[in-house]
Amino acid sequence: MTDRLYYQDSFLYNFDAQVSSVLETPRPAVILDRTAFYPTSGGQIHDTGWLVSGDEKHRVTEVIDTEDGHVVHYLEAPLNDVKPGTRVHGEIDPTRRRDHMQQHSAQHVLSAAFVRLFKMPTVSFHMADDYCSIDLDTPSLTKDQIESAERLANEIVLENRPVDIRFVTHDEAEKLGLRKLPPTERDQLRLIDIHDFDLTACGGTHVANTGQIGAILLRKTEKVRQGHRVEFVAGQRAVATARRDFSTLTETAALFSAHIYDVTQQARKSLDEIKTLRKQREQSLDELAAAQAAALLAETPESHGCKLIVRTFSDLDLNFLKLLAQKITRQSAAIALLASESPQPALVFAQSAGQSHDMGALLKQTLHKLGGRGGGSKDLAQGGAPSSEGLNAALAAAAQSLKP
């Protein structure tokens, strides 16, 4: 088994080790006798960094655990003269490691806060590159509860409480009142002890004092299958997120010529205006379609008790084309074969209720000639064509097929 140096010291960024084996995988990889690289596990993502052998510096891009207790280091490029027994020097990416320590330690504090305040246990933890989340076992979660947990968590951060690491047997752990006792058969458990606030088993990397977390900022929440998911960021991520949010709000406020705290009110006002304008537009389009349908019907002679209207327009969208066809076929016994050349070539075939033709079948036949696609019912069908070329001829052929 690989000797995991990060178990004892999360701030260990440099170490020396010996290559135990070189793996023949699709990606070059090595196993070391000891490592400070943290492998993806327990919700925490892996470290990155470098392995140095002689004059060669190999980029470590991913680190994983194996079932037999080894840690595999995947490398960016193939190895040249590295083989079992080779001595290497490991260098952890300190910025990434410090970020992970802040996020994972923040999770412990936050999870403990939800338990202490509301008896909401954390059932899972996820760390991504730009955010983290915990899933709480609770049927409901209010805004006030979220803010209270965030407030308590940041009080613990400000108190700069010690974060200690200790190892105990499973039997000893059962008597210590851990927040969560893992179902494991290991002889020893590694405990993370946030002084007088939280004690739980964990194999991750953590800060030495809660003050090193910096700050904890809770973000969005959502209902999930096993409860409620709370997204959060801590440390430098919290600073970067707050800066991004502020910049976004500032730019948005400038668009409204308002203060950032008035953005919500201004946005709501604009949305109300948009809804009103949308209704007015829909009403205007409905009236325009009715008037245009009446004009087309008036200028079209009736034949065999039905009016056949065939038109190609230069610039009607599909929605208006469909509305126009519906107005035509509802105002009088009629068949409407309509097309538009832009913004996207479109066709709508419609007939009044009770007519004997099949508009869906006719449209498919017509679109087949144009290389387009579409469909619909017996009385109304619509579709699109890749090009406006041949639209008039296709409509003329469709109209001709309807004549007795």
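Everything in the sequence shown is counted per the working numbering, starting at 1 for the first residue and increasing by one. Note that CB positions come from ideal geometry on N, CA and C, so glycine has one too. None of the values given here were measured: they were computed from a predicted structure.
* By the 10 Å Cβ neighbour count, where 16 or more other Cβ atoms means buried, how is Arg311 classified, buried or exposed? -> Arg311 should be labelled buried.
* Asked: What is the DSSP secondary structure of Ser388, reduced to helix, strand or coil?
  -> In the displayed model, Ser388 falls within coil according to three-state DSSP, outside both helix and strand.
* Asked: Among the residues of its own chain, which have a CB less than 6 Å from the CB of Pro182, if the five just before and after it don't count?
  -> Closer than 6 Å at Cβ, skipping near neighbours: Ala201.
* To do: State the Cα-Cα distance for the pair Leu217 and His206, rounded to the nearest angstrom.
  => Approximately 18 Å, taken between the alpha carbons.
* To do: My understanding is that Arg87 touches Asp16, with C-beta atoms under 8 Å, so please give their C-beta distance in whole angstroms.
  => A Cβ-Cβ distance of about 7 Å is found for the pair Arg87 and Asp16, placing them in contact under the 8 Å criterion.
* Inter-residue CB distance, Thr122 and Leu136 (contact presumed, cutoff 8 Å) -> Sure, about 6 Å apart at Cβ, within 8 Å.
* Backbone secondary structure at Phe256 - three-state DSSP -> Helix.
* Asked: Should Gly204 be labelled buried (16 or more other beta-carbon atoms within 10 Å of its own) or exposed?
  -> Buried, since its Cβ has 16 or more Cβ neighbours within 10 Å.
* To do: Please classify Thr329: is it buried, with 16 or more other beta-carbons within 10 angstroms of its beta-carbon, or exposed?
  => Per the 10 Å Cβ criterion, buried.
* In angstroms, rounded to a whole number, what distance separates the CA positions of Ala173 and Ala149? -> Straight-line Cα distance between these residues: approximately 26 Å.
* Asked: At a cut of 8 Å, does the region 58 to 76 reach the region 105 to 120 through at least three beta carbon pairs?
  -> In short, these stretches do not touch, since the Cβ pair count stays below three.
* To do: Express the C-alpha separation of Leu338 and Ser401 in angstroms, rounding to a whole number.
  => C-alpha separation (whole angstroms): 15 Å.
* Can you tell which of Phe313, His89 and Gly383 has the C-alpha that lies nearest to the C-alpha of Leu51? -> Ranked by Cα distance from Leu51, the options Phe313, His89 and Gly383 are led by His89.
* Between Gln411 and Leu370, what straight-line distance do the alpha-carbon atoms span, to the nearest angstrom? -> Only positions 1 to 404 of the chain appear in this structure, which leaves residue 411 out of reach.
* Inter-residue Cα distance where the pair is His73 and Lys83 -> If I take the Cα positions, the gap works out to 14 Å.
* Asked: Using CA coordinates, which residue listed in Ala361, Ala77 and Gln8 is at the minimum distance from Phe167?
  -> The candidate whose alpha carbon is nearest that of Phe167 is Gln8.
* DSSP state of Phe320 mapped onto helix, strand, coil -> In this structure, Phe320 counts as helix in the three-state DSSP scheme.
* Completely contained beta strand (DSSP E) runs for the region 148 to 216, where each covers 3 or more residues -> Runs of the beta strand (DSSP E) inside the region 148 to 216: 163 to 169, 188 to 194 and 198 to 201.
* Asked: To the nearest angstrom, how far is it from the Cα of Asp81 to the Cα of Pro26?
  -> The straight-line gap from Cα to Cα measures roughly 18 Å.
* Assign Gln226 to one of three DSSP states: helix, strand, or coil. => Gln226 falls in the coil class under three-state DSSP.
* For Glu299, three-class secondary structure by DSSP -> In the structure shown, Glu299 sits in coil (DSSP, three-state: anything other than H, G, I, E or B).
* To do: May I ask you to report which of helix, strand or coil DSSP gives Ser10?
  => Residue state, collapsed to three classes: coil.
* Asked: Within 10 angstroms of its Cβ, does Gly374 collect 16 or more other Cβ (buried), or is it exposed?
  -> By the neighbour-count definition (other C-beta atoms within 10 Å, threshold 16), Gly374 is a buried residue.
* Asked: From the DSSP output, which residues share a beta bridge with Asp55?
  -> For Asp55, which the question treats as bridged, DSSP gives no partner whatsoever.
* Which runs of the alpha helix (DSSP H) fall wholly inside the region 310 to 355 and span at least 4 residues, in chain order? -> Runs of the alpha helix (DSSP H) lying entirely within the region 310 to 355 and spanning at least 4 residues, in chain order: 318 to 331.
* Buried or exposed by the 16-neighbour rule on C-beta atoms within 10 Å, applied to Asp272 -> Residue environment analysis places Asp272 among the exposed positions, since fewer than 16 neighbouring C-beta atoms fall within 10 angstroms of its C-beta.
* Measure the Cβ-Cβ separation of Val230 and Ile194 and say whether it is below 7 Å. => Ile194 is positioned such that its CB atom lies no closer than 7 Å to that of Val230.
* Asked: In the DSSP assignment, what are the bridge partners of Leu75?
  -> In the DSSP output, where bridge partners are listed per residue, Leu75 has Val60.
* **Buried versus exposed call for Pro323 [16 or more other C-beta atoms within 10 Å across all chains shown]** => This sequence places Leu at residue 323; Pro is not what is there. By the neighbour-count rule (16 or more Cβ atoms within 10 Å), Leu323 is buried.
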